[in-house]
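S.K.: Structure provided below as structure tokens; questions to follow.
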Amino acid sequence: MNSAFRGGVDLSSLANKVVKEKIEQTSGVKVDTQDTVKVPALAVELHEAILRSVIQISSLVPVVVCFYETTNPESISLTQKLEKLADAGKGRWLLGKVDMVANPALTEAFGVTEAATVAMILKGEPKPLFQGDQEEEDLAEFLRKLVEVAASQGIAGQLEVSDETNEPAEPKLSESEQNALDAMDKGDFSTAVKIYEAELQKTPNNDLLIERLAQVKLVERTFAGEIEKELQVTPSNIAEAMRKADYLLAIGDADSSFNLLLEWFDKATTEERSAISSLLLELFNVVGKNHPSSIAARKLLAVKMF
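Residue numbering for the sequence shown follows the UniProt record's numbering, beginning at 1 and increasing consecutively.
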């Protein structure tokens, strides 16, 4: 078994956040008191809308997560083998397939950078498994042992395929959140910002709303710009550095975004440092305050400030 696994998985913060979200139960997954879970299939496309339910299932059976790209033959081969084994697994484990291109945030949350990477979720905790295609016989033996280990830890539930479950429903949004999304669809980001700000006044410590507000503000600042042109700019002042940091984060390069601002912090005036600090704190919320890049940059900022 190829044990190479590049990029540690850190899903605990995401799992906790999703489980604690005050949203209505939205999936077609049904759990009864006999540790039997009714699911639409033993291999499902995993995305954020059903992540909460999948995390719940991982307390009853192991959830194997395979990351693939449709243009990567190795990952497609591995995924097909795992699908076959999931169907033959008699409901002792669930396969979650993640399309890396369609689900960049979920992929990043797992710390995965390469297709054909496999992880698992056990009792809500993510664990790395391996990277690269494997022989079907090796996979079957590995999964057999995985089920045994899980059973020894009291995770020995049973999945049952039910026609009643079908596809999980999309999360039901609150009226205010739907209004915010409608505004964004029209390109009216300022209205979306006002909606989230109003909601935050009602629940000031709502991390989910804080993140969404920061994300909408970032989109508002970068939506009309020419990304390639903005990324080619070599900042000559604080304003240009802050602008480029926005665009770096907009393409998902959190480390470069944060590092650019931290570099300019050293040569900034007191007033400029305040502006940089404020932007950094807001950008931390865009990716999540528990994101590894946010944690590292926050520590460096604290050192520079004090």
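Every residue, glycine too, gets a C-beta built ideally from N, C-alpha and C.
Quick caveat, the model's predicted, so the values are computed rather than measured.
Could you tell me if Pro-126 is buried or exposed, where buried requires 16 or more neighbouring beta carbons within 10 angstroms of its beta carbon?
M.R.: Here residue 126 refers to the residue found at position 126 when the sequence shown is read from its first residue. Per the 10 Å Cβ criterion, buried.
S.K.: Return helix, strand or coil for Gln-34, following the three-state DSSP convention.
M.R.: For the purposes of this step, residue 34 is taken as residue 34 along the sequence shown, with counting starting at 1. The predicted model places Gln-34 with a pLDDT of 45, which falls under 50 and marks its position as unreliable, so this point remains unresolved.
S.K.: Can you give the Cα-Cα distance for Glu-167 and Pro-40, rounded to whole angstroms?
M.R.: Within the sequence shown, the letter at position 167 stands for residue 167. Within the sequence shown, the letter at position 40 stands for residue 40. In this predicted model, Glu-167 has a pLDDT of only 47, less than 50, meaning its place in the structure is not dependable; the value taken from the coordinates is given anyway. Cα-Cα distance, rounded: 7 Å.
S.K.: Return helix, strand or coil for Ala-156, following the three-state DSSP convention.
M.R.: Start at 1 with the first residue of the sequence shown, and residue 156 comes out as number 156. The answer is coil: DSSP assigns Ala-156 none of H, G, I, E or B.
S.K.: Check Pro-292 in the structure and name its three-state DSSP category.
M.R.: One-based indexing of the sequence shown puts residue 292 at position 292. It is helical.
S.K.: Near Gly-252, which residues of its chain fall below 8 Å by C-beta distance, leaving aside the five closest residues on each side in sequence?
M.R.: Taking the sequence shown and counting its residues from 1, the one referred to as residue 252 is at position 252. Cβ neighbours of Gly-252 beyond the five flanking positions: Pro-104, Glu-108.
S.K.: Would the beta-carbon of Val-37 fall within 9 Å of that of Met-120?
M.R.: Residue numbering aside, residue 37 sits at position 37 when the sequence shown is read from its first letter. Residue numbering aside, residue 120 sits at position 120 when the sequence shown is read from its first letter. Against a cut-off of 9 Å, the Cβ pair of Met-120 and Val-37 comes out as no contact.
S.K.: In terms of alpha-carbon separation, which member of Val-98, Lys-90, Asn-72, Asp-87 lies closest to Glu-45?
M.R.: As a working note, residue 45 is residue 45 in the sequence shown. The shortest C-alpha separation from Glu-45 is found at Val-98.
S.K.: By Cβ distance, which residues of its chain are closer than 6 Å to Glu-230, with the 5 residues on each side in sequence left out?
M.R.: Taking the sequence shown and counting its residues from 1, the one referred to as residue 230 is at position 230. Correct list, in chain order: Tyr-247.
S.K.: Which one of Gln-134, Val-303, Gln-80 has the shortest CA to CA distance from Leu-262?
M.R.: Along the sequence shown, one-based indexing puts residue 262 at 262. Of the candidates Gln-134, Val-303, Gln-80, the one whose C-alpha sits nearest the C-alpha of Leu-262 is Val-303.
S.K.: Can you give the beta carbon distance from Leu-42 to Leu-139, rounded, assuming they're within the 8 Å contact cut?
M.R.: Residue mapping note: residue 42 aligns to position 42 of the sequence shown, counting from 1. Residue mapping note: residue 139 aligns to position 139 of the sequence shown, counting from 1. Not really, about 15 Å apart at Cβ, beyond 8 Å.
S.K.: Kindly say whether Thr-71, judged by its beta-carbon, lies nearer than 9 Å to any beta-carbon of chain D.
M.R.: Among the chains of the structure shown, chain D does not appear; only one protein chain is present.
S.K.: So which of Ala-198, Arg-273, Ile-295, Gly-111 has the shortest CA-CA distance to Phe-306?
M.R.: Here the question's residue 306 lines up with position 306 in the sequence shown. Among Ala-198, Arg-273, Ile-295, Gly-111, the Cα nearest to that of Phe-306 belongs to Arg-273.
S.K.: Would Lys-186 be called buried (16 or more neighbouring beta carbons within 10 Å of its own) or exposed?
M.R.: In the sequence shown, the residue the question calls residue 186 occupies position 186. By the 10 Å Cβ count, Lys-186 comes out exposed.
S.K.: Leaving aside the five residues before and after Arg-221 along the sequence, list all residues of the same chain whose C-beta is less than 6 Å from its C-beta, in chain order.
M.R.: As a working mapping, residue 221 is identified with position 221 in the sequence shown. Cβ neighbours of Arg-221 beyond the five flanking positions: Asp-246.
S.K.: Buried or exposed for Ile-227, going by 16 or more other Cβ atoms inside 10 Å?
M.R.: By 1-based counting over the sequence shown, the position of residue 227 is 227. It is exposed - the Cβ of Ile-227 has fewer than 16 other Cβ atoms within 10 Å.
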